[in-house]
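Take the sequence shown: its letters are residues -24 to -1, 1 to 356, numbered as in mature numbering (1 follows the signal peptide of the UniProt record, and there is no 0). Take a look at the structure below.
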Amino acid sequence: MSHLATILPMQYALLLCLVLKVGAGEDAPAASPGPENNDPDLTEIILADSAPPSSPSTCSKEFEVCTQTGCCSNPGFDCYKRVGKEYAQCFRKQLPGPCKDSETWLCPGWEKCAPAFSDCRSSKCCRNPKHFCLRRPHLFYAQCRPLPGDASDPSMCSDTKDWLCPGWERCAGQHEECTKSRCCTDAGFSCTLNETMLHLGQGWHAFCQPPLNRTAVSSASIQAAHSNTSEHALVSFLTATSASLATFRTKLEKLTSKQAVHQFDVASKRGADQTNGSTPWLCEAASEWMCRSRWEASYKDHLSYLDEIARNAEDTLTPLGLATVFLAVLLVTLSAVGCIIGLVIRQRRVHAHLIQVELELAALRAFAPTSDGSAGPHTK
């Protein structure tokens, strides 16, 4: 009994040391997020079993699992996610300096990524480590889903007629095409649509363009524009200049006809209407390049309608569940069995009918007239 009384306190002491060691390792160090100096998987199991489940509508407490909530109730804590796993936990914030992802833990912000089979156009990332943000080829709609085909890595992915592989979401550089991502890496550039290519039937092609050159208007430049006074020529000329509309109109009256001035008034009114009278409107005029504000506003209803169609179509593209697959296989099997049974029954009926016909023919042969002209059953 005394020996047992000596062992039990030692076991309790070892257990207490283990708990204190795990608790000390739970604090996120400044170098990298997440627990260190212990088995991360073991820590996840211990904390997941000991911490009460949090409601998705409220933030998680210190060291609790925050996979569903995506936030922590303590302002000194942040929700860190394990790399490649559907698991996140509240740890102390990394101070000082901004958080940096490590090989095992992702910094806060991962919770903004879209869930499985959800719209990821804004976040351009997915919570599920096995899902990637894939975009429809001809619609501005993206969804978190597995890679197409048998690809297990984005580098092995190939675009299909239904989905574009990861990479479309990267913003374009200077003068690069931004049709898919609709964003530019350079803050001084904007994604502008090439309206000329669109009108020529060559499809949607947008490029990262700098602000249009707004050189001062001179009498010589206006005189050069006088050779072609169509509305399109005037608007194209205005697009490349920065003079005030009143100054341009005054000089135009001295150099050209009233018809050209009227065309200018029509063009300038249309340009002002497109931007609700705001300035500068020259970038928004009907020219070779259509700025993103007018691009998105002009086609807003059209794109919204197409996106709605895409969202409705995604329901049919969602992978079928096991129950649905089993039900489909069962229905096909029952249909096949029913067809086989029907064929067997029909074959038996045909066979029975043939036997009846053979019996009738045999009876007719028995009562057929003989060579001597007598009739009746023939006997040997």
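Idealized CB from N, CA, C, for every residue including glycine. As the structure is a prediction and not an experimental result, all values here were calculated from the model.
- Per DSSP, the unbroken beta strand (DSSP E) holding Leu169 starts and ends at 166 to 170.
- Boundaries of the alpha helix (DSSP H) harbouring Ala299: 298 to 342, taken from the DSSP string.
- As DSSP reads the structure, Lys57 sits in a beta bridge with Ala64, Leu82.
- When Cβ pairs closer than 8 angstroms are counted between the two stretches, the segment 128 to 137 is seen not to touch the segment 151 to 158, the count staying below three.
- By the C-beta criterion, the segment 76 to 83 is judged not to be in contact with the segment 104 to 113, since fewer than 3 inter-stretch pairs fall below 8 angstroms.
- In the structure shown, the three-state DSSP call for Glu87 is helix.
- Per DSSP, the unbroken beta strand (DSSP E) holding Phe183 starts and ends at 182 to 185.
- Residue pairing for Ser134: DSSP places it in no beta bridge.
- For Gln119, the enclosing beta strand (DSSP E) covers residues 118 to 121.
- Rounded to the nearest angstrom, the Cβ distance from Cys55 to Cys66 is 6 angstroms, consistent with a contact under 8 angstroms.
- Gln150 counts as exposed, since fewer than 16 other beta carbons sit within 10 angstroms of its beta carbon.
- In this structure, the beta-carbon distance from Glu38 to Cys48 falls below 9 angstroms.
- With fewer than 16 other CB atoms across the displayed protein chains lying within 10 angstroms of its CB, Phe302 is exposed.
- Following the DSSP letters along the chain, one finds Leu110 inside the beta strand (DSSP E) bounded by residues 108 to 111.
- Rounded to the nearest whole angstrom, the CA to CA distance from His327 to Val320 is 10 angstroms.
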